[in-house]
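Letter by letter, the sequence shown follows residues 1 to 136 in the UniProt record's numbering.
We put the CB at the ideal spot given by N, CA and C, even for glycine.
Quick caveat, the model's predicted, so the values are computed rather than measured.
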Amino acid sequence: MGLRFLSVAHQVRETVDQHMAGAGLSLSRTKMLRVLAERGALHQAELAEALGQAPRSITQALQALERLHLVTRTTDPTDQRRKTVSLTDAGQTALTAGEQAGEQILQRLFGSLDPRRLAELETLLTAVDTAATGTD
């Protein structure tokens, strides 16, 4: 069952990413934009921490978002090594489009399940998430 779960999770992620690509995003890039929309401008290290990643691991994605004019990265005037990341107006627009695209594909994937089965799935996913993260 474990391999089946991983396979389905991977396929759902791929499907969501493909659908979000129409908005120029992926699930991970959308998560970055969502954090910036909720918390405002952050140092790159703070953004990485909020995403549960190492600062170095998000550099490439931030560079891509910057090339698309969805975020800006400015050098901290007090510490030239630190970058502050901010969401642009275009980034907010893209975030809205990306989240809508994600919701559409998730509705297509899960919309055929009746409310009882969706509730069961939510309970199971919460249990798996709790076991994986060690949190309640």
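For residue i, the nearest candidate out of the options (CA to CA)
| i | options | result |
| --- | --- | --- |
| V35 | Q107, A21, L118, A50 | A50 |
| L25 | G111, E120, G102 | G102 |
| L65 | L125, L95, R116, E122 | L95 |
| A41 | M20, A97, R73 | R73 |
| A23 | G111, E99, T123, R116 | E99 |
| R67 | Q80, S57, T78, A90 | A90 |
| A97 | Q63, G111, H19 | H19 |
| Q63 | T84, G111, D79, T78 | T84 |
Residues near residue i by beta carbon distance below 6 Å, same chain, minus five either side
| i | result |
| --- | --- |
| A45 | P55 |
| S57 | none |
Contacts around residue i, its chain only, beta-carbon distance under 8 Å, and the 5 residues preceding and following it disregarded
| i | result |
| --- | --- |
| Q60 | none |
| R82 | H43, Q44, A45, T75, D76 |
| F5 | V128 |
| L113 | L121 |
| L124 | none |
Beta-carbon gap between residue i and residue j smaller than 9 Å
| i | j | result |
| --- | --- | --- |
| T30 | I105 | no |
| L33 | D17 | no |
| L70 | L47 | no |
| V12 | L121 | no |
| H92 | A9 | The question names His, but residue 92 in the sequence shown is Gln. Against a cut-off of 9 Å, the Cβ pair of A9 and Q92 comes out as no contact. |
Residues of its chain near residue i, where Cβ-Cβ distance is below 7 Å and the 5 sequence neighbours each way are ignored
| i | result |
| --- | --- |
| R117 | none |
Item checked: beta strand (DSSP E) runs contained entirely in the UniProt domain "HTH marR-type" (1-130), provided each spans 3 or more residues -> 71-76, 79-87
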